[in-house]
Amino acid sequence: AYRQAARRAHAAGFEIVELHSAHGYLLHTFLSPISNTRDDEYGGSLENRMRFPLEVARAVREAWPAGKPLFVRISSIDDVEGGWSAEDSVTFARKLKTAGVDVIDCSSGGILGPATAATRSALPRVPGFQLPFSEKIRAEAGIATMAVGLILSGAQAEEALQAGRADLIAVGRDALYDPNWPLHAARELGVDPEYAMWPEQYGWWLTRRESVLKKAGVRR
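Quick note on the numbering used here: the sequence shown kicks off at 201 and runs consecutively.
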């Protein structure tokens with residue numbers, strides 16, 4: 201099914217596919233010792249728990265054109281005591297690189313288990329809280345990473361990239377809140393002071409509005 205989906209994605213013209221191995225979905229449930237209680241070759245040791253996700257990654261890489269990037273999203277930690285760890289993620293990322301994966305998308309959490317106040321880790325939900333995972337995996341596994349999670353501004357994203365904490369930035373909920381987030385980020389970073397990246401009919405009006413605001417002494 202995964203192989204067929206990759207072929208359909210290519211036929212439909214997609215340039216990237218991403219395997220979802222995070223947040224309690226099927227592949228994550230094999231990886232996490234919290235959810236994987238199998239006693240066969242697909243459960244128990246880390247090597248066994250990685251087996252099925254790696255088989256899927258290899259199958260998709262085989263079906264997906266070599267010139268097109270393959271991403272894998274992982275939960276870098278389960279955020280539950282006794283669960284999947286950052287060190288496990290580094291090991292998995294190394295295996296994925298060998299399987300032909302190009303980028304690791306570094307999220308976290310998603311396995312429920314006994315997630316009580318006593319067992320859940322104290323991972324603070326602050327801006328950029330998952331950047332340490334993308335930074336660690338990038339440095340220790342030698343693979344490109346994508347950072348995600350409370351990255352709220354173009355400046356914050358650019359700082360993470362320039363510091364080598366990730367190679368790519370993913371923006372989800374903030375893009376729902378502001379569908380023009382990339383365009384605002386470009387302007388914030390001084391890349392598009394004249395709204396040239398916007399649709400022409402919008403850029404013209406925004407440039408005029410900027411002139412009016414400037415004359416009125418309003419800074420944005």
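By construction, the Cβ of each residue, glycine as well, lies at the ideal position given by its N, Cα and C atoms.
- In the three-state reduction of the DSSP assignment, ALA347 falls in the strand class.
- If you draw a straight line from the Cα of HIS220 to the Cα of ALA363, it is about 27 angstroms long.
- Counting along the chain, the unbroken beta strand (DSSP E) around PHE271 starts and ends at 270-275.
- The criterion of a C-beta distance shorter than 7 angstroms is not satisfied by ALA205 and SER275.
- Boundaries of the beta strand (DSSP E) harbouring GLU218: 217-221, taken from the DSSP string.
- Between GLY282 and ILE234 a beta carbon distance of about 7 angstroms is seen, short of the 8 angstroms cut, so the two are scored as contacting.
- Rounded to the nearest angstrom, the gap between the Cα atoms of TYR402 and ASP378 is 16 angstroms.
- Nearest Cα to PRO269 within the set LEU231, ALA360, ILE343 and ARG251: ILE343.
- In the three-state scheme derived from DSSP, where H, G and I count as helix and E and B as strand, LEU312 is classed as coil.
- Sorting ALA257, SER353, ILE216 and TRP398 by C-alpha distance to the C-alpha of ALA201 places ALA257 at the top.
- Annotated three-state conformation of LEU389 is coil, per DSSP.
- Put simply, the region 351-360 does not touch the region 299-314. Fewer than three CB pairs are less than 8 angstroms apart.
- If you look at ILE304, you'll find it in the beta strand (DSSP E) that goes 303-307.
- The Cβ atoms of GLU218 and ARG273 lie closer than 7 angstroms to each other.
- DSSP places LEU368 in the strand class (E or B) of the three-state scheme.
- Taken through DSSP and simplified to helix, strand or coil, VAL326 comes out as coil.
- Going by beta carbons, MET346 and ASP302 fall outside the 7 angstroms limit.
- A direct Cα-to-Cα measurement between ALA259 and GLU394 gives close to 46 angstroms.
- Between the beta-carbon of PRO327 and that of LEU350 there is about 5 angstroms, and that keeps the pair under the 8 angstroms contact cut.
- Annotation for GLY403: the continuous alpha helix (DSSP H) segment containing it runs 400-415.
- Between the alpha carbons of LEU383 and TRP398 lies a gap of roughly 7 angstroms.
- Comparing alpha carbon positions, the residue from ARG419, ALA299 and PHE214 closest to ARG261 is ALA299.
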